[in-house]
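Q:
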Amino acid sequence: MESLEWREVPEFRDEDADGEDQREWDDYNTEKALMEFRDEDHVLHSMYPETDDEEAGTQCTMVVPKPAGAQRGGTQRGQVFFNEVAFKESVLDYALKTV
1 MESLEWREVP EFRDEDADGE DQREWDDYNT EKALMEFRDE DHVLHSMYPE TDDEEAGTQC
61 TMVVPKPAGA QRGGTQRGQV FFNEVAFKES VLDYALKTV
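Quick note: the sequence shown, position 42, residue 42 per full-length UniProt numbering, numbers continuous.
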């Protein structure tokens with residue numbers, strides 16, 4: 001094994017053990033992931049997801065009322081968030097409003 005000098009970077013092969021070009025494989029996987037990508041629905045923390053009502057056989061959606069003075073994307077000092085996703089969305093909404 002040869003020793004490497006300081007700041008000397010060894011050349012890496014662009015082929016894997018089977019002789020396939022690794023860059024083409026990476027490009028293929030990237031394009032495949034982009035084609036399969038779907039935008040996620042926006043999370044509404046004031047609305048519960050639809051659930052099956054076993055007795056009536058229908059679906060129902062419940063809306064949770066917000067406290068007075070609270071608005072979407074409005075953060076207040078001392079505000080407590082339900083989870084880290086709610087905090088992240090609140091900060092993102094604030095950042096987008098102030099741009």
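Backbone N, C-alpha and C fix where the C-beta goes; we use that ideal spot for every residue, glycine too. Note that this is a predicted model, so its numbers are computed, not measured.
1) Assuming GLN76 is part of the alpha helix (DSSP H), what are its boundary residues?
2) Are SER90 and PHE82 touching if we call contact CB-CB under 8 Å?
3) Under DSSP, the alpha helix (DSSP H) around SER90 begins and ends at which residues?
A: In brief:
1) Where GLN76 is concerned, there is no enclosing alpha helix (DSSP H), given that its DSSP letter is neither H nor E.
2) no
3) 84 to 97
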